[in-house]
Amino acid sequence: MFKPSKEKPFVATAAAIEAHRQETIIQCLEVLREQAERYNGLDYLQVFQNTEPSEPDLWAIEDKAAITFLLPSDY
0 MFKPSKEKPF VATAAAIEAH RQETIIQCLE VLREQAERYN GLDYLQVFQN TEPSEPDLWA
60 IEDKAAITFL LPSDY
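Shown next, in the form of structure tokens:
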């Protein structure tokens, strides 16, 4: 269950950072926090689908240690 808190660290793979701006990743994290609070949790894997066909989707996976942003190809 995805219940991100402000205390839980988040990281991003090098490929995710290269494909998406840091500001985009941080905005996605804020959306996750808001949605998790609103719905009292989310699935541990969340997908941000990109509307630009040339840019890959961005995944967010939460585990016990951190929230990780990555590309599908990183998995």
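Following numbering that gives the first Met the number 0, the numbering of the sequence shown begins with 0 at its first residue and continues without gaps.
We treat Cβ as the ideally placed atom computed from N, Cα and C, and that holds for glycine.
For clarity, every value in this text was computed on a predicted model and none was experimentally measured.
Around the beta carbon of residue 65, fewer than 16 other beta carbons lie within 10 angstroms, which makes this residue exposed. For residue 65, no alpha helix (DSSP H) segment is defined, and its DSSP state is neither H nor E. Each of 41, 47, 2 was checked against the Cα of residue 24, and the nearest Cα belongs to 47. Judged by beta-carbon spacing, residue 74 lies beyond the 9 Å limit of residue 62, meaning their Cβ atoms are not closer than that value. Straight-line spacing of the CA atoms in residue 51 and residue 20 works out to 14 Å. Residues 65, 67 of the same chain have their beta carbon placed closer than 6 Å to that of residue 10, with the five preceding and five following residues left out of the count.
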